[in-house]
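Per my numbering, the sequence shown starts with residue 4, numbered consecutively.
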Amino acid sequence: MTNTTQRRSRQSPTADELRIWRGFIETARELDARLSSRLHDESALSSGDYTVLLALSEAPGRRLRSSALAKAVDWERSRLSHHIRRMEGRGLIRRDDCAVDYRGAEVVLTDEGARAFRSASVPHLRAVRELFIDALTPEQLDQIEDLTAALRTTLR
4 MTNTTQRRSR
14 QSPTADELRI
24 WRGFIETARE
34 LDARLSSRLH
44 DESALSSGDY
54 TVLLALSEAP
64 GRRLRSSALA
74 KAVDWERSRL
84 SHHIRRMEGR
94 GLIRRDDCAV
104 DYRGAEVVLT
114 DEGARAFRSA
124 SVPHLRAVRE
134 LFIDALTPEQ
144 LDQIEDLTAA
154 LRTTLR
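Here it is, written out as structure tokens:
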């Protein structure tokens, strides 16, 4: 039996595996917290706002059905519904009746939302560069790409 097979057949992670896991989780949380804080400080957008605006900015016609938007941002529909209500109140998005299904609604990126997204993107991408990309070598970035691909494959 190989070392990898032995490790994978154990029920509980080893102390070293748990140390690596905690380091990964704690670092990811800290990175997310710092990026979110800078995004809010520099643009008054939350990371949730930015995620929704990004999905809508990439969608054909800057609009998506609520269900498609929930899937695109990987949120529960109830969470998205509450968040959309708040964003709508700030003029970043609007809800329109769906042209092809009277029961559905589409979430639409407003011009104000598009301006807010564009304005937030430059400092946000600068922060991504400073806090993530510049901290790693090109080889380490390639390794992260491989590792995240392996994790996504397992999670699917």
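The beta-carbon is built from N, C-alpha and C at its ideal position, and this holds for glycine as well.
Please tell me whether residue 48 and residue 56 are closer than 9 Å, where the distance is taken between their beta carbons.
As a first step, residue 48 must be located in the sequence shown, where it is residue number 45. As a first step, residue 56 must be located in the sequence shown, where it is residue number 53. Contact flag set, yes.
Ordered along the chain, which non-local residues of its own chain (more than five positions away) have a Cβ less than 8 Å from that of residue 126?
Within the sequence shown, numbered from 1, the residue matching residue 126 stands at position 123. Same-chain partners within the cutoff: 41, 42, 45 and 46.
Only counting the same chain, and skipping five residues up and downstream in sequence, which positions put a Cβ closer than 7 Å to that of residue 60?
To locate residue 60, count along the sequence shown from 1; it is residue 57. Within the same chain, residue 60 has close Cβ partners 112, 117 and 120.
Our contact map puts residue 115 next to residue 95 with C-beta atoms below 8 Å; I'd like the distance itself, whole angstroms only.
As a working mapping, residue 115 is identified with position 112 in the sequence shown. As a working mapping, residue 95 is identified with position 92 in the sequence shown. So it is a contact: roughly 6 Å between Cβ atoms.
Exposed or buried, residue 102, counting other C-beta atoms within 10 Å across all chains shown (16 or more means buried)?
In the sequence shown, counting from the first residue as 1, residue 102 sits at position 99. Exposed, because fewer than 16 other Cβ atoms sit within 10 Å of the Cβ of residue 102.
Which of helix, strand or coil does DSSP assign to residue 133?
By one-based count along the sequence shown, residue 133 stands at place 130. Residue 133 falls in the helix class under three-state DSSP.
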